[in-house]
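Structure, as structure tokens:
Residue numbers (this note's numbering): 63 to 455.
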């Protein structure tokens, strides 16, 4: 099997598993307990906070561990919105965000908040001038992704942040779940207030995430029942998960320059091979995009059918967000980028990861273009003879 769906999830790297195992079998105390077993667990949890903070250029007390990227996003958006409700009710985001953001903002609309969904250009990028025009004295939060999960486009975050900082009292949440393995995140340089992470995107354990909160930022906790994570996220901490996340994030941060360079070279080889197929177009920004991310539209065919055909060939790909797999609706991201439904249905996402080998890319450059061409030809034959009347003629 050749796994090229790393934008959906990544394998747990051995070093993270090795770091987690003692916390599951030996150091299993509750970190809130005062006895020796609890103190050992607390020490491991504190070290995980320190590791994640160091990778972000933040402080340990600013890191909140969660059950995943989706919870981190929910805590950031809902917590910031409700904390700022006395001052305003407007939340600004983009039309191409992950559903963890879009659905959360839409949920808050039921409680009197006013969402603003900024349009994007053909490449999926927000125009800072559009953000400028949307900002008002009622704006309490901007929530935007660093990089798009479906098309790989990297947003002009520094420009967007600069526009918001001309106003007072507006918090900025950065969804870095998809970008974290491949884009350096320095929270001091970025000047944002909240950053969400999901461990399984950088070879950490599933069901584990983190929210970085700048010291002094006020949010309302979204679950009650304990004082854990400095009163910001109640519930007994998943110490093993936190340690696994921290180890995976530390390693991916350290290895990022080498990984990014190799993935970019591998992706470009695969891109060149795929784009030689007639009727195939790359989606997303040609340069400002994640290094191992290749998203295309194969016209006159169905992306689901292509992905299934590739699966039969032993290659794992997808048509877009894993969180919407099974949906018959075209991608909201491609729709926002201006692609008609019939073109958007031909979407295919190929995402390489740290563990992808050159030999796997060699094989993929042979199989993927041939499969797309074959599926397009079959779709053309079907369109020309939908009833199969020429069969046996």
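C-beta: ideal position from N, C-alpha, C; glycine also.
In this structure, how does DSSP classify residue 70 when only helix, strand and coil are distinguished?
In the chain shown, counting from the first residue as 1, residue 70 sits at position 8. Residue 70 falls in the coil class under three-state DSSP.
Check for me: the beta strand (DSSP E) holding residue 278 runs from which residue to which?
Within the chain shown, residue 278 is the residue found at index 216, counting from 1. Segment: none, residue 278 is in no beta strand (DSSP E) and carries neither H nor E.
Return the chain-ordered list of same chain residues with a C-beta closer than 6 Å to the C-beta of residue 99, the five sequence neighbours on each side being excluded.
Here residue 99 is taken as the residue at index 37 of the chain shown, counted from 1. These residues qualify, in order along the chain: 91.
Assuming residue 437 and residue 363 form a contact by the criterion Cβ under 8 Å, report the distance between their Cβ atoms to the nearest whole angstrom.
Numbered from its first residue, the chain shown carries residue 437 at position 375. Numbered from its first residue, the chain shown carries residue 363 at position 301. Between residue 363 and residue 437 the Cβ distance is about 5 Å, and since that is below 8 Å, they are a contact.
Note down, in chain order, each residue of its chain lying with its Cβ closer than 8 Å to the Cβ of residue 293, except the 5 sequence neighbours on either side.
Taking the first residue of the chain shown as position 1, residue 293 is located at position 231. Excluding positions up to five away in sequence, the list reads 283.
Let me know the secondary structure DSSP gives residue 290 once reduced to three states.
Locating residue 290 in the chain shown gives position 228, where the first residue counts as 1. If DSSP states are grouped into helix, strand and coil, residue 290 belongs with the helices.
Residue ranges of each beta strand (DSSP E) run of no fewer than 3 residues wholly in the stretch 309-386, ordered along the chain?
342-344 and 355-360
Output yes or no for whether 8 Å exceeds the beta carbon distance between residue 413 and residue 66.
Start at 1 with the first residue of the chain shown, and residue 413 comes out as number 351. Start at 1 with the first residue of the chain shown, and residue 66 comes out as number 4. Yes, they are a contact pair.
So for residue 101, helix, strand or coil by DSSP?
The residue labelled residue 101 in the question sits at position 39 within the chain shown. DSSP, reduced to helix, strand and coil, places residue 101 within a helical segment of the structure shown.
Work out the CA separation of residue 272 and residue 212 for me, nearest whole Å.
As a working note, residue 212 is residue 150 in the chain shown. As a working note, residue 272 is residue 210 in the chain shown. Computed Cα separation, rounded: 22 Å.
Less than 8 Å between the C-beta atoms of residue 193 and residue 219, yes or no?
Taking the first residue of the chain shown as 1, we reach residue 193 at position 131. Taking the first residue of the chain shown as 1, we reach residue 219 at position 157. Going by C-beta atoms, residue 193 is not nearer than 8 Å to residue 219.
Rounded to whole angstroms, what is the Cα-Cα separation between residue 153 and residue 296?
In the chain shown, residue 153 corresponds to position 91, counting from 1. In the chain shown, residue 296 corresponds to position 234, counting from 1. Cα to Cα, the separation comes out at about 25 Å.
Quick one: complete alpha helix (DSSP H) runs, 4+ long, within the stretch 225-259?
249-252
Contact defined as beta carbons within less than 8 Å: I believe residue 228 pairs with residue 253. What is the distance between those atoms, to the nearest angstrom?
By 1-based counting over the chain shown, the position of residue 228 is 166. By 1-based counting over the chain shown, the position of residue 253 is 191. About 12 Å; that fails the 8 Å criterion.
Going by DSSP in three states, residue 128 sits in which element: helix, strand or coil?
Within the chain shown, residue 128 is the residue found at index 66, counting from 1. The answer is strand: DSSP assigns residue 128 an E or B state.
Just curious, the alpha helix (DSSP H) that residue 82 is in, first and last residue?
Counting from one through the chain shown, the residue named residue 82 turns up at place 20. Its alpha helix (DSSP H) spans residues 76-87.
Would DSSP call residue 411 helix, strand or coil?
Position 349 of the chain shown, counted from the start, is the residue given in the question as residue 411. Here residue 411 sits in strand by DSSP.
When you compare the stretch 407-426 with the stretch 354-363, are there three or more beta-carbon pairs, one atom per stretch, that lie closer than 8 Å?
yes
If residue 180 sits next to residue 188, beta carbons under 8 Å apart, how far is it from one beta carbon to the other, in whole angstroms?
For this step, residue 180 is matched to residue 118 along the chain shown. For this step, residue 188 is matched to residue 126 along the chain shown. The Cβ separation is near 5 Å, so the contact holds.
So if DSSP puts residue 217 in a beta bridge, which residue, or which two residues, is it bridged to?
For the purposes of this step, residue 217 is identified with residue 155 of the chain shown, where counting begins at 1. Per DSSP, none; premise fails for residue 217.
Going straight from the alpha carbon of residue 178 to that of residue 399, what length do you get?
Here the question's residue 178 lines up with position 116 in the chain shown. Here the question's residue 399 lines up with position 337 in the chain shown. Distance between residue 178 and residue 399, taken at the CA atoms: about 17 Å.
Three-state secondary structure (DSSP) at residue 93?
As a working note, residue 93 is residue 31 in the chain shown. Of the three classes helix, strand and coil, the one that applies to residue 93 here is coil, per DSSP.
Is residue 200 near the ligand NAP, in the sense that its beta carbon is under 7 Å from a heavy atom of that ligand?
You won't find the ligand NAP in this model; it holds no ligand whatsoever.
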